[in-house]
Amino acid sequence: KTACYVMDKGYDAETLHRQIREELGADSVIPVRTWQGRIRSGTYRQEMYANFDDERYRERNKVETAFSVLKRRFGEELKARKYWYQVKEIKIKVILHNLTKAVQTVVIVVVWKEFNRADHSPKRARPPNLRALPGLRGL
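At position 42 of the sequence shown the residue is numbered 42 (UniProt numbering), and the sequence of numbers has no breaks.
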């Protein structure tokens, strides 16, 4: 069950606020549209205007970014035709995306640890061991 629905201004309607709050039993975070500087009537819209949760609304950007990445990486179309197979396809794409991000994180951590462990001081050239070279034993 979803606890909160966060949407953009295009979804600002009293009927939608009422459905989310009363029928679904969840919070709605939708910026209120103003018309010539005034807010149209509606109990939930008035409440949203007075108590808008900016912090929660900004979380929406993370979700939009994740959807954008998924679409760029795997394409916007689904190959499956039946609904439940489409759901499975989306779940597989999300799992693959999460695995890719996890592997990238591990690689970054390993490289970071290796970089910090390495001795970055300039190496002094050692003189060659002439005695070990054949033909130069008499020197």
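For glycine and all other residues, C-beta sits at the position ideal for the given N, C-alpha and C.
When the options are compared against residue i, the one with the closest alpha-carbon
i       : options                            : result
Gly-42  : Phe-52, Ala-13 and Arg-58          : Ala-13
Lys-101 : Leu-70, Trp-35, Lys-82 and Tyr-83  : Leu-70
Ala-3   : Trp-35, Arg-56 and Gln-36          : Arg-56
Met-7   : Arg-60, Gln-86, Val-106 and Lys-88 : Arg-60
Arg-33  : Lys-82, Phe-52 and Ile-95          : Phe-52
Other residues of its chain near residue i: CB distance less than 8 Å, five sequence neighbours each side excluded
i      : result
Thr-65 : none
Asp-54 : none
Ile-90 : Leu-78
Contacts around residue i, its chain only, beta-carbon distance under 7 Å, and the 5 residues preceding and following it disregarded
i      : result
Arg-21 : Ser-28 and Tyr-44
Per-residue DSSP class, three states only, for residue i
i      : result
Arg-38 : strand
Val-6  : strand
Val-32 : coil
Asp-54 : helix
Residues near residue i in its chain [Cβ-Cβ closer than 6 Å; skip 5 each side]
i       : result
Phe-74  : Lys-93
Tyr-11  : Ile-30
Asn-116 : none
Whole-angstrom C-beta distance between residue j and residue i, which should lie under 8 Å
i      : j      : result
Met-48 : His-17 : 7 Å
Unbroken alpha helix (DSSP H) run spanning residue i, endpoints
i       : result
Ala-102 : 83 to 117
Leu-16  : 14 to 18
Contact test: residue i Cβ vs the ligand MG heavy atom, cutoff 7 Å
i      : result
Leu-99 : Although the ligand MG was asked about, the structure shown includes no ligands whatsoever.
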